[in-house]
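Below is one structure; the comments refer to it alone.
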Amino acid sequence: MTTHEYPPGAPGRIPPPPAASPSVAQRTAWVDLTGRTALVTGAARGIGRACALRLAAAGADVRLADLDGPGLRALADQGVGEPLEIDLSDLDAAEEAGRGADIVVNNAGVQTVAPVQDFPPERFSLILRLMVEAPFRVVRGALPHMYERGWGRVVNLSSVHGLRASPFKSAYVTAKHGLEGFSKVVALEGAEHGVTSNCVNPGYVRTALVERQIADQARAHGVPEDEVLAEVLLARTPMKRLIEPEEVAELVVYLCSADASFVNGASLAVDGGWSAS
Numbered sequence: 001m002t003t004h005e006y007p008p009g010a011p012g013r014i015p016p017p018p019a020a021s022p023s024v025a026q027r028t029a030w031v032d033l034t035g036r037t038a039l040v041t042g043a044a045r046g047i048g049r050a051c052a053l054r055l056a057a058a059g060a061d062v063r064l065a066d067l068d069g070p071g072l073r074a075l076a077d078q079g080v081g082e083p084l085e086i087d088l089s090d091l092d093a094a095e096e097a098g099r100g101a102d103i104v105v106n107n108a109g110v111q112t113v114a115p116v117q118d119f120p121p122e123r124f125s126l127i128l129r130l131m132v133e134a135p136f137r138v139v140r141g142a143l144p145h146m147y148e149r150g151w152g153r154v155v156n157l158s159s160v161h162g163l164r165a166s167p168f169k170s171a172y173v174t175a176k177h178g179l180e181g182f183s184k185v186v187a188l189e190g191a192e193h194g195v196t197s198n199c200v201n202p203g204y205v206r207t208a209l210v211e212r213q214i215a216d217q218a219r220a221h222g223v224p225e226d227e228v229l230a231e232v233l234l235a236r237t238p239m240k241r242l243i244e245p246e247e248v249a250e251l252v253v254y255l256c257s258a259d260a261s262f263v264n265g266a267s268l269a270v271d272g273g274w275s276a277s
């Protein structure tokens, strides 16, 4: 594949992580979640892994839900959480995974890029099952415990695509918009029980999923991958870089804190200004 060279700072060049990005060692706020049990879906990699690490650092007991058994065991070997190798498209298993959780981070997701007329119907159904129905079943399983304790946090990893649309992502955009609506209903029902529900809406995060999106869109548009970065992924983002998973995790753990007890039913953009444009 032919690629183009961009000078430092040019739109097609993805800079390295900024030195000031939050990490486990350098955090925005001190949060104590000792005694809380957190379920993180899609925990083996990317945003889910960063959330699992950050929640564990805050003292939570973390359940790590993912299909990627080796990725889960690698985290567990670091002393981070309890592995739960699970296919969340098995909706009964998803609901069972949520039982007893004080904190739910719905993060698991997949992506397919194709025009609507070419979009595989079975793939559309799978994406909605994994990214809308599974979060519903996880939260359904978790709420009785949260209500009994009078405390709970539901954090749904939505996307800027829960607020805006892009072509060729009909299933993903539909799923994220559905997740936004579900999150708001949980916020309304859970408020009197001490349970909050919010969405975090990142732009493009430095993950394997985004790398696959770049490759998929390059094929769909018939252009080199670096042009997809410059002219598609980052075209509407004033801050010309990918977001680091740790930056997203820092907001997630804040939403689980006592200081965020009045943040409820919100959709919080972490998109470098994309949704403001």
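The UniProt record's numbering puts the first residue of the sequence shown at 1, with every later residue one more than the last. All C-beta atoms, glycine included, are put in the ideal place defined by N, C-alpha and C. Keep in mind the model is a prediction, meaning the values are calculated, not measured.
TODO: Pull up the distance between the alpha-carbon of residue 217 and that of residue 247, whole angstroms please.
DONE: By one-based count along the sequence shown, residue 217 stands at place 217. By one-based count along the sequence shown, residue 247 stands at place 247. So the alpha carbons of these two residues sit roughly 25 Å apart.
TODO: Would you kindly work out how many angstroms separate the C-alpha atoms of residue 244 and residue 206, rounded to a whole number?
DONE: Translated into the one-based positions of the sequence shown, residue 244 becomes position 244. Translated into the one-based positions of the sequence shown, residue 206 becomes position 206. If I take the Cα positions, the gap works out to 6 Å.
Open item on the list: Please report the distance separating the alpha-carbon of residue 118 from that of residue 124.
Closed with: Here residue 118 refers to the residue found at position 118 when the sequence shown is read from its first residue. Here residue 124 refers to the residue found at position 124 when the sequence shown is read from its first residue. In a straight line, the C-alpha of residue 118 is about 11 Å away from that of residue 124.
- [ ] Reducing DSSP to helix, strand and coil, say where residue 63 ends up.
- [x] Counting from 1 along the sequence shown, the entry for residue 63 is found at position 63. Three-state result, residue 63: strand.
Task: C-beta atoms of residue 91 and residue 56 nearer than 9 Å - done: What you label residue 91 is simply residue 91 of the sequence shown in a count that begins at 1. What you label residue 56 is simply residue 56 of the sequence shown in a count that begins at 1. The Cβ atoms of residue 91 and residue 56 lie no closer than 9 Å to each other.
TODO: Could you tell me which residues DSSP pairs with residue 169 in its beta bridges?
DONE: Within the sequence shown, the letter at position 169 stands for residue 169. Beta-bridge pairing links residue 169 to 114.
- [ ] For the region 147–219, list the alpha helix (DSSP H) runs that are entirely contained and at least 4 residues long, ordered along the chain.
- [x] For the region 147–219, whole alpha helix (DSSP H) runs of length 4 or above, ordered along the chain, are 170–190.
Task: Per DSSP, cross-strand counterpart(s) of residue 106 - done: Walking along the sequence shown from the start, residue 106 turns up at place 106. Answer by DSSP bridge pairing, in chain order: 156.
Open item on the list: Check this for me: beta carbons of residue 263 and residue 198, under 9 Å apart or not?
Closed with: For the purposes of this step, residue 263 is taken as residue 263 along the sequence shown, with counting starting at 1. For the purposes of this step, residue 198 is taken as residue 198 along the sequence shown, with counting starting at 1. Yes, the Cβ-Cβ distance between residue 263 and residue 198 is below 9 Å.
Open item on the list: Helix, strand or coil, according to DSSP, for residue 29 in the structure here?
Closed with: On the sequence shown, position 29 is the one that residue 29 refers to. When secondary structure is reduced to three states using DSSP, residue 29 falls in the coil class, being assigned neither helix nor strand.
Open item on the list: If I measure Cβ to Cβ from residue 249 and keep anything under 6 Å in the same chain, skipping five residues before and after, which residues do I get?
Closed with: For the purposes of this step, residue 249 is identified with residue 249 of the sequence shown, where counting begins at 1. 50, 51 and 54.
Task: Backbone CA spacing between residue 236 and residue 148 [nearest angstrom] - done: As a working note, residue 236 is residue 236 in the sequence shown. As a working note, residue 148 is residue 148 in the sequence shown. So the alpha carbons of these two residues sit roughly 44 Å apart.
Open item on the list: Spatial neighbours of residue 73 within its chain, please: C-beta separation below 8 Å, excluding the five flanking residues on both sides.
Closed with: By one-based count along the sequence shown, residue 73 stands at place 73. So the qualifying residues of the chain are 83.
Open item on the list: For a quick check, are the C-beta atoms of residue 81 and residue 137 less than 9 Å apart?
Closed with: Working through the sequence shown from its first residue, we reach residue 81 at position 81. Working through the sequence shown from its first residue, we reach residue 137 at position 137. Their beta carbons are not under 9 Å apart, which means residue 81 does not touch residue 137 by this criterion.
Task: CB of residue 150 within 9 Å of CB of residue 194, strictly - done: By one-based count along the sequence shown, residue 150 stands at place 150. By one-based count along the sequence shown, residue 194 stands at place 194. A contact, by the Cβ cut-off of 9 Å.
Open item on the list: Is the separation between the beta-carbon of residue 321 and that of residue 33 shorter than 9 Å?
Closed with: Absent from the model: residue 321. The displayed extent of the chain is 1 to 277, so no value can be given.
Open item on the list: Taking the alpha-carbon of residue 153 as reference, which of 213, 171 and 196 has the nearest alpha-carbon?
Closed with: Locating residue 153 in the sequence shown gives position 153, where the first residue counts as 1. Nearest of 213, 171 and 196 to residue 153, Cα basis: 196.
- [ ] Helix, strand or coil for residue 232, going by three-state DSSP, please let me know.
- [x] Taking the sequence shown and counting its residues from 1, the one referred to as residue 232 is at position 232. Correct three-state label for residue 232: helix.
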